[in-house]
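Q: For the sequence shown, position 28 (counting from the first letter as 1) is numbered 76 according to the working numbering, and the numbering increases by one without interruption.
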Amino acid sequence: MFRKILTLLTTLLLTGGFAEMTELKLYMRKTCPFCQKVATYLKEKGRKIEMVDIGEDDTAREELIKNGGKRQVPCLFIDGKPMYESNDIIQWLDKN
Ligand SMILES: N[C@@H](CCC(=O)N[C@@H](CS)C(=O)NCC(=O)O)C(=O)O
């Protein structure tokens, strides 16, 4: 039993399983160059996260303003907490 738990924990750590448990949601707009910078970074790293385009989704735009405090994109929600600024977002993604 202990061995099984140890194996599971080791697997999760080695595969980054714990990192993926962090809930990520990127509010963006296709026409925004700062959003494109983040999207390009994600593509280069082969990393997929949930993205919502506030130019196409009115509910998402309202959600961003309500929960983030402003309409600016890109904005990455990390476990429900907003992070604005493309450079900060890329730096955070790089480390997590
Ligand atoms: N310094 C910010 C600039 C972000 C920015 O200027 N985004 C524009 C769209 S390209 C924006 O959302 N402006 C505010 C607004 O439209 O209300 C970053 O690097 O993320």
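Virtual Cβ for every residue (Gly too), placed ideally from N, Cα, C. Quick caveat: nothing in here was measured; it's all calculated off a predicted structure.
Does DSSP put D142 in a helix, in a strand, or in coil?
A: If you number the sequence shown from 1, residue 142 lands on position 94. Helix at D142.
Q: Buried or exposed: which applies to L49, given that a residue is buried once 16 or more other Cβ atoms fall within 10 Å of its Cβ?
A: Taking the sequence shown and counting its residues from 1, the one referred to as residue 49 is at position 1. Just to set this straight, residue 49 is Met in the shown sequence, not Leu. M49 should be labelled exposed.
Q: Measure the alpha-carbon distance for E133 versus W140 and round it to whole angstroms.
A: Walking along the sequence shown from the start, residue 133 turns up at place 85. Walking along the sequence shown from the start, residue 140 turns up at place 92. Each residue's alpha carbon lies about 11 Å from the other.
Q: Candidates A87, Y89, M99, K78: which alpha carbon is nearest I71's?
A: As a working note, residue 71 is residue 23 in the sequence shown. Strictly speaking, residue 71 in this sequence is Glu, with Ile absent from that position. Nearest option by C-alpha distance: M99.
Q: Please classify P122: is it buried, with 16 or more other beta-carbons within 10 angstroms of its beta-carbon, or exposed?
A: Numbered from its first residue, the sequence shown carries residue 122 at position 74. Burial call: buried.
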